[in-house]
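The block underneath contains the structure these notes are about, expressed in structure tokens.
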Amino acid sequence: MNSPLQTPDLNPARGPLERLVDAIARRPSGPIGRFLYAKPVGHMTGFGKALEVAPVGEADRVLDVGCGGGVFLDMALTRGCLAAGLDHSPDMVAETRRRNADAVANGRLEVLQGDAAALPFPAGAFTRVFCLHAFFFFPQPRAAIEEMARVVAPGGLVAIITAPPESARFVRRAFGPVARRMRFDAPETLMDWAVQAGLRADGVYHPEGSGMLFVARKPPHGVG
């Protein structure tokens, strides 16, 4: 699961299980988190499908919300775009910068620590906004979509990979305590949040083994 973004939980009473779930999924950190997100094998099909449905080129400005170890940004940057990554895990921010050090040094990539529900970017800053394998952990999903809609430019696309309701039984069996902390949003729910945020649903796709890919477009200026 690409790393989710929200305000860190500073509650010192969290037990060992909660800390483990954070380290491997909700807020990847330490050796385990760095290892898992340096090579997120289970996410690669979804990454490829997202770039197929919302293609990226040299004229694009890309944001990855929940950038994890920076693998998707690495893929996007090979297409010539400018990019930014955001994650609430300082370890993942560091890993993304390390993986994409040349792009950072050349001014093609900015990586920040932050909150998905309060993106630190101006309105209309990006032509493509991706949130892949992270959205299902966000405690404020509607606010996160509102923020993605705010920072995407008119005519731009927002692409979200998340877990649909029909995957809940399998995911809970396979991932146990991690899955119990996930949401399983129906596409109709995502459409409703997107429309309320000023987006238009563009399509729903189901990459094999990669959950549900929801794509929405921000109407161009002058189009209601």
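Letter by letter, the sequence shown follows residues 1304 to 1527 in our numbering. Just so it is clear, CB atoms sit at the ideal spot from N, CA and C, and this is done for glycine as well.
Helix, strand or coil: which one does DSSP assign to Gly1459?
Strand at Gly1459.
For the structure I just gave you, are there three or more beta carbon pairs, one from the region 1352-1362 and one from the region 1382-1389, closer than 8 Å?
Yes, the region 1352-1362 touches the region 1382-1389.
When you compare the region 1427-1442 with the region 1394-1410, are there three or more beta-carbon pairs, one atom per stretch, that lie closer than 8 Å?
As far as the Cβ criterion goes, the region 1427-1442 does not touch the region 1394-1410, which means the pair count is below three.
For Arg1364, list the residues DSSP reports as bridge partners.
Arg1364 pairs with Leu1385.
Of the choices Phe1375, Gly1369 and Val1368, whose alpha-carbon is the least far from that of Thr1348?
Closest option to Thr1348, Cα to Cα, is Phe1375.
Quick check on the burial criterion: 16 or more other C-beta atoms within 10 angstroms. Buried or exposed for Asp1488?
Looking at its Cβ environment, which holds 16 or more other Cβ atoms inside 10 Å, Asp1488 is buried.
What residues match up with Val1507 in a beta bridge as DSSP calls it?
Looking at the DSSP assignment, Val1507 forms a beta bridge with Phe1517.
Select from Pro1425, Phe1350 and Asp1367 the residue whose C-alpha is nearest the C-alpha of Thr1399.
Out of Pro1425, Phe1350 and Asp1367, Asp1367 has the C-alpha closest to the C-alpha of Thr1399.
Quick check on the burial criterion: 16 or more other C-beta atoms within 10 angstroms. Buried or exposed for Gly1459?
Its Cβ being crowded by 16 or more others within 10 Å, Gly1459 is buried.
Check the C-beta distance from Ala1421 over to Glu1450 and give it rounded, since I have them as a contact under 8 Å.
Indeed, because the Cβ distance is near 7 Å, the residues count as touching under 8 Å.
Who are the near neighbours of Pro1468 in its chain, counting only those whose CB is closer than 8 Å to its CB and skipping five residues on each side?
These residues qualify, in order along the chain: Phe1487, Asp1488 and Ala1489.
How many angstroms separate the CA atom of Arg1364 from the CA atom of Arg1431?
Going from the Cα of Arg1364 to the Cα of Arg1431 covers about 6 Å.
Which same chain residues end up closer than 7 Å to Pro1423 when comparing Cβ atoms and leaving out the 5 residues on each side of it in sequence?
So the list reads Leu1415 and Gly1417, once near-sequence residues are dropped.
If you run the structure through DSSP and keep just helix, strand and coil, what is Val1359?
It is coil, neither helix nor strand.
When the distance is taken between beta carbons, is Gly1501 closer than 7 Å to Ala1462?
No, the pair does not count as a contact, with Cβ atoms beyond the cut-off.
DSSP three-state call for Leu1502: helix, strand or coil?
Leu1502: coil per DSSP, three-state reduction.
Less than 7 Å between the beta carbons of Ala1466 and Gly1514, yes or no?
Cβ atoms of Ala1466 and Gly1514: closer than 7 Å.
What residue range is occupied by the uninterrupted alpha helix (DSSP H) comprising Leu1422?
That residue, Leu1422, is in no alpha helix (DSSP H); it is neither H nor E in DSSP.
Take Gly1371 as the anchor and find which of Val1356, Met1378 and Asp1394 has the nearest alpha-carbon.
Checked all of Val1356, Met1378 and Asp1394; the closest Cα to Gly1371 is Asp1394.
Just list the residues that DSSP pairs Cys1434 with in beta bridges.
DSSP output for Cys1434 lists Ile1463 as bridge partner(s).
Quick one, which of Lys1521, Glu1491 and Ile1464 has its alpha-carbon nearest Phe1441's?
That would be Ile1464, whose Cα lies nearest to the Cα of Phe1441.
Along the chain, where does the beta strand (DSSP E) that runs through Glu1413 open and close?
That run of the beta strand (DSSP E) goes Leu1412 to Gln1416.
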